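Under the UniProt record's numbering, the letters of the sequence shown match residues 1 to 172, in that order. No residue lacks a Cβ here, since even glycine has one placed at the ideal position from N, Cα and C. Nothing here was measured: the structure is a model prediction, and the numbers come from that model.
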Amino acid sequence: FRRNITWTMSNLCRNKHPPPPFDAIKLVLPTFAELIYHSDQEVLTDSLYAISYLTEGSKREVQELLRVCVVPRLCELLQSREVFIILQALNAIGQIVSVDDKHVQTIIEAGALQTLGILLRHPISHIVEGAFRIVCFDAGMPSKIQAVIDNELVNLAIDVLHKGDYKSQKEA
């Protein structure tokens with residue numbers, strides 16, 4: 001039952017023509033914030049897809065996601081052994097940091113940079129690309145630059161430029 005409900009809610013969030021009403025989204029976000037802690041892989045995956053879809057929406061939707069505190073869990077999920085979970089978490093985090101400089105700081109404070117360093121060495125190029133995109137996003141922000149330096153990500157990013165596959169180098 002929970003799988004079916006989560007899948008249905010995820011598909012409703014995916015619709016962009018027209019997008020779901022913001023008031024409806026606001027009501028289901030606390031549920032997704034709980035479901036991303038669920039042990040059932042299908043429930044977790046569908047919840048992550050929904051959150052990823054919602055991060056592609058308006059600044060208001062992203063702000064609501066931050067309000068219900070999904071960022072710490074998204075950062076934890078970067079350490080998953082499941083590729084599709086890592087990719088969805090990377091996608092959501094990448095979308096969140098693209099909205100506002102303040103959100104970059106939220107991601108840093110949640111500890112994402114340490115895990116991103118590991119993901120920059122991942123054997124799967126899509127994961128490396130996603131991690132690189134987040135590490136290098138808004139490189140002009142002094143606090144972000146310092147955080148990247150403090151977490152020793154500069155050399156890892158340079159390695160992606162020199163040794164990464166073509167897609168990773170192109171993203172760089």
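Which listed residue (C136, I124, C69 and G130) has its alpha carbon closest to that of D101: Minimum Cα distance to D101 is reached at C136.
E61 versus I118: straight-line alpha-carbon distance, rounded: Looking at the backbone, the Cα of E61 and that of I118 are separated by about 29 Å.
Residue of V104, V71 and D40 minimising C-alpha distance to P30: Ranking V104, V71 and D40 by Cα distance to P30 puts V71 first.
Backbone secondary structure at Y53 - three-state DSSP: Helix, per DSSP.
For S39, three-class secondary structure by DSSP: If DSSP states are grouped into helix, strand and coil, S39 belongs with coil.
Whole-Å CB distance - L44 paired with I51, under 8 Å assumed: Not confirmed; about 11 Å, so no contact.
Span of the alpha helix (DSSP H), counted from its first residue to its last, around I118: Taken as a continuous stretch (DSSP letters only), the alpha helix (DSSP H) holding I118 covers A112 to L119.
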